[in-house]
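**Student:** The opening residue of the sequence shown carries number 79 in the working numbering; numbering runs sequentially from there.
No residue lacks a Cβ here, since even glycine has one placed at the ideal position from N, Cα and C.
This structure is a prediction, so every number in the text was calculated from the model and none was measured.
This is the structure I want to talk about, given as structure tokens.
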Amino acid sequence: MRTISIFGITGSIGQTAANILVEQSNKFILTVITGGDNVAELAKQAIRLSPKYVVIANEAHLYELRSLLMGYNFEISAGRQALMDAASIPVDVSLQAIVGFPGVQCSLIAAKFSKTLALANKESLVCAGPLLQKICTTNNTKLVPVDSEHSAIFQCMLGESILSVERIILTGSGGPFFNTAIENLKHVNSKQAASHPRWSMGQRISIDSASMFNKAMELIETKELFDVSIDKLEVIIQPQSIIHSMVGFNDGSIKAQLGPADMSGAIGYAINFPKRESLLVERLNFAKLRQLDFLPVDQLKFPAINLATRAMNIGGMAGAVFNAAKEQALDLFLIDNIGFLDMAICVEFALNEYELNQIKHNYIFEDIMEQDTHTRVRVKEMAKGL
Ligand code: NDP
Ligand code: MG
């Protein structure tokens, strides 16, 4: 049996992982589970899964968590420091499924103390890719991606050398607005943007999928994860979300990984790596499916993709700038302060400002935090004029 900790168990990825643990209960011993604000779900998962430690990131919920878990024998703690302490508890597998920048530091710490880092928090690679890779190398930690595209690429790369890779083709569903005219995108609201046609995910990543900022983040994530040059990265829309991504090699051959649009596959693969364990997911029926479509991305309608390429070309902490601006813009969109298309304007503004600086190539996590805070403040100020 392997020990496992799940950070962000109350979220979409976390709950899917919890179901896998129930299904594979003879494979894992649960060490830590964490939540952010959702005390009821955290308590429910604690009772269901019996971890050793239960951590709620928002300290204000400690009293409620304690009362919900009265009579149980869990070690309960709360707050940001408690979260970092929990990431320092050695385990075989640490699943990092906190959403956004708050998850980055947690991944960096867990990378030191786990044998396998099953990484869903894509912001960790976008904001701190080189730091995370260095920690994993130093500590001999295996970094296994959970993001479905990266899990697909990772699986296609097994037994291959990065030197023979000609292209990496990231697939995307196109999101809810793929067929919406650009003029009509100006007025869409967060509820419309969050209704993804194929995948069931958390609110923030669903809206990022609608704007293609998610795909843009995934381009940066791919570069950081596989150390591949920017000109080898491609994006194609695969509306059925059956092909999760592909790798093309120097002999013209292409490997693809296919499966149903269900994150269980990628989560199960990452937490069991290098083994494959059986999963109760839907099996593809090709006779029923009949066709797979491929469509190019409209770069005018979805400027996020070009902005990601720009961030990768700038280098330094441009990934952290990209993410901070995107997260701040999303916060403003969620409260109706800016429109859907303004989010890209915010990210472009932040990259323009960052490019005027002396680009720092050697940085530590504190520099990233400072840059993150600065970018959010600047985007908020600029957005008042939108
Ligand atoms: P959700 O919004 O559903 O869940 C986010 C989790 O993070 C919750 O457990 C939440 O706690 C916790 N959280 C939020 N803020 C904080 C904080 N400040 N401190 C500690 N914990 C916090 O997100 P998803 O599950 O959709 O996504 C998780 C990560 O995985 C993201 O980085 C996303 O990009 C990535 N990912 C997700 C996919 C998906 O299918 N959902 C696919 C590929 C990648 P609470 O709810 O209790 O407040
Ligand atoms: Mg993805």
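Answer yes or no: the CB of Glu137 versus the heavy atoms of the ligand MG, is any distance below 6 Å?
**Tutor:** Mapped onto the sequence shown, residue 137 falls at position 59. The answer is no for Glu137.
**Student:** Is Ser226 near the ligand MG, going by C-beta to nearest heavy atom under 6 Å?
**Tutor:** Taking the first residue of the sequence shown as 1, we reach residue 226 at position 148. Checking the Cβ of Ser226 against the ligand MG gives yes.
**Student:** When the distance is taken between beta carbons, is Gly397 closer than 7 Å to Cys205?
**Tutor:** As a first step, residue 205 is located in the sequence shown; it is residue number 127 there, counting from the start. As a first step, residue 397 is located in the sequence shown; it is residue number 319 there, counting from the start. Taking 7 Å as the Cβ cut-off, Cys205 and Gly397 qualify as a contacting pair.
**Student:** Locate the beta strand (DSSP E) running through Phe400, then write down its first and last residues.
**Tutor:** On the sequence shown, position 322 is the one that residue 400 refers to. Here Phe400 belongs to no beta strand (DSSP E); instead the alpha helix (DSSP H) covers 396-412.
**Student:** Can you name, in chain order, every residue of its own chain whose Cβ lies under 6 Å from the Cβ of Gly86, other than the five neighbours on each side?
**Tutor:** By one-based count along the sequence shown, residue 86 stands at place 8. Correct list, in chain order: Gly92, Ala175, Ile176.
**Student:** Taking 7 Å as the limit between beta carbons, can you name the residues of its chain near Arg282, skipping five residues before and five after?
**Tutor:** Numbered from its first residue, the sequence shown carries residue 282 at position 204. Answer for Arg282: Val177, Gly178, Leu408, listed in chain order.
**Student:** Please state whether the Cβ-Cβ distance between Ile111 and Met79 is less than 7 Å.
**Tutor:** Stepping through the sequence shown from its first residue, residue 111 is reached at position 33. Stepping through the sequence shown from its first residue, residue 79 is reached at position 1. No.
**Student:** Between which two residues does the alpha helix (DSSP H) carrying Tyr347 extend?
**Tutor:** One-based indexing of the sequence shown puts residue 347 at position 269. Here the alpha helix (DSSP H) through Tyr347 covers 342-350.
**Student:** So, are the CB atoms of Ile383 and Ala294 less than 7 Å apart?
**Tutor:** Residue numbering aside, residue 383 sits at position 305 when the sequence shown is read from its first letter. Residue numbering aside, residue 294 sits at position 216 when the sequence shown is read from its first letter. Going by C-beta atoms, Ile383 is nearer than 7 Å to Ala294.
**Student:** Buried or exposed for Val117, please, with buried defined as at least 16 other CB atoms from any protein chain shown within 10 angstroms of its CB.
**Tutor:** Counting from 1 along the sequence shown, the entry for residue 117 is found at position 39. Buried.
**Student:** If we count the other Cβ atoms within 10 Å of its Cβ and call it buried at 16 or more, is His439 buried or exposed?
**Tutor:** Taking the first residue of the sequence shown as 1, we reach residue 439 at position 361. Label assigned to His439: exposed.
**Student:** Taking the alpha-carbon of Thr94 as reference, which of Glu238, Lys462, Ile345 has the nearest alpha-carbon?
**Tutor:** Start at 1 with the first residue of the sequence shown, and residue 94 comes out as number 16. Residue Ile345 is the option with its Cα nearest to Thr94.
**Student:** Considering just the uninterrupted stretch of the alpha helix (DSSP H) at Lys310, what are its terminal residues?
**Tutor:** As a first step, residue 310 must be located in the sequence shown, where it is residue number 232. It is not in any alpha helix (DSSP H) - Lys310 carries neither H nor E in the DSSP assignment.
**Student:** Hey, how far is the Cα of Thr387 from the Cα of Val325?
**Tutor:** Start at 1 with the first residue of the sequence shown, and residue 387 comes out as number 309. Start at 1 with the first residue of the sequence shown, and residue 325 comes out as number 247. Thr387 and Val325: Cα-Cα distance of roughly 19 Å.
**Student:** At the level of alpha carbons, what is the spacing between Leu120 and Ile98?
**Tutor:** Here residue 120 is taken as the residue at index 42 of the sequence shown, counted from 1. Here residue 98 is taken as the residue at index 20 of the sequence shown, counted from 1. One C-alpha to the other measures close to 16 Å.
**Student:** One question on the structure: do Ala422 and Thr453 come within less than 7 Å of each other, judged by their Cβ atoms?
**Tutor:** Reading the sequence shown from its first residue, position 344 is the one you call residue 422. Reading the sequence shown from its first residue, position 375 is the one you call residue 453. Against a cut-off of 7 Å, the Cβ pair of Thr453 and Ala422 comes out as no contact.
**Student:** Is Val177 a contact residue of the ligand NDP, with contact defined as CB to any heavy atom under 6 Å?
**Tutor:** Within the sequence shown, numbered from 1, the residue matching residue 177 stands at position 99. Answer for Val177: yes, Cβ within range of the ligand NDP.
**Student:** Whose CA, out of Ser323, Ser226, Ala339, lies closest to the CA of Ile332?
**Tutor:** On the sequence shown, residue 332 is found 254 positions in, with the first residue counted as 1. Among Ser323, Ser226, Ala339, the Cα nearest to that of Ile332 is on Ser323.
**Student:** Determine the burial state of Gln449: buried for a count of at least 16 other Cβ atoms within 10 Å of its Cβ, exposed for fewer.
**Tutor:** As a position in the sequence shown, residue 449 is number 371, starting the count at 1. Counting Cβ neighbours within 10 Å, Gln449 comes out buried, since at least 16 surround it.
**Student:** With a threshold of 16 other CB atoms inside 10 Å of the CB of Phe291, please say whether the residue is buried or exposed.
**Tutor:** Residue numbering aside, residue 291 sits at position 213 when the sequence shown is read from its first letter. By the neighbour-count rule (16 or more Cβ atoms within 10 Å), Phe291 is buried.
**Student:** Would you mind listing the beta strand (DSSP E) stretches within the region 270-331 that are 3+ residues and don't spill past its ends, in chain order?
**Tutor:** 311-315, 321-327
**Student:** Counting along the chain, where does the beta strand (DSSP E) carrying Gln174 start and finish?
**Tutor:** Along the sequence shown, read from residue 1 onward, the residue named residue 174 stands at position 96. Start and end: 169-174.
**Student:** Among Met390, Val169, Pro180, Gln369, whose alpha-carbon lies nearest the alpha-carbon of Glu299?
**Tutor:** Locating residue 299 in the sequence shown gives position 221, where the first residue counts as 1. The shortest Cα separation from Glu299 among Met390, Val169, Pro180, Gln369 belongs to Met390.
**Student:** Can you tell me whether Asn199 is buried or exposed? The criterion is at least 16 other CB atoms within 10 Å of its CB, across all chains shown.
**Tutor:** As a working note, residue 199 is residue 121 in the sequence shown. It is buried - the Cβ of Asn199 has at least 16 other Cβ atoms within 10 Å.
**Student:** Starting from the Cα of Met279, find the closest Cα among Thr81, Gly252, Ser90, Ile84 and give me that residue.
**Tutor:** Working through the sequence shown from its first residue, we reach residue 279 at position 201. Comparing Cα-Cα distances from Met279 to each of Thr81, Gly252, Ser90, Ile84, the minimum goes to Ser90.
**Student:** Give me the Cβ distance between Leu210 and Leu186, rounded to the nearest whole Å; I'm assuming they're in contact under 8 Å.
**Tutor:** Here residue 210 refers to the residue found at position 132 of the sequence shown. Here residue 186 refers to the residue found at position 108 of the sequence shown. The Cβ separation is near 6 Å, so the contact holds.
**Student:** Let me confirm a value: Met395 is counted as buried when at least 16 other C-beta atoms fall within 10 Å, else exposed. Which label applies?
**Tutor:** Taking the first residue of the sequence shown as 1, we reach residue 395 at position 317. Buried, by the Cβ-count rule.
**Student:** What does the Cβ neighbour count give for Tyr150, buried or exposed, with the cut at 16 atoms within 10 Å?
**Tutor:** Taking the sequence shown and counting its residues from 1, the one referred to as residue 150 is at position 72. Classification for Tyr150: exposed.
**Student:** Given a cut-off of 7 Å on the beta-carbon distance, is the pair Gly252 and Pro317 in contact?
**Tutor:** The count along the sequence shown starts at 1 and reaches residue 252 at position 174. The count along the sequence shown starts at 1 and reaches residue 317 at position 239. Yes, Cβ-Cβ distance for Gly252 and Pro317 is below 7 Å.
**Student:** With DSSP as the reference, label Lys122 as helix, strand or coil.
**Tutor:** Taking the sequence shown and counting its residues from 1, the one referred to as residue 122 is at position 44. The answer is helix: DSSP assigns Lys122 an H, G or I state.
**Student:** Measuring only from the beta carbon, is Ile285 closer than 6 Å to any heavy atom that is part of the ligand NDP?
**Tutor:** Within the sequence shown, the letter at position 207 stands for residue 285. Outside the cutoff, so no.
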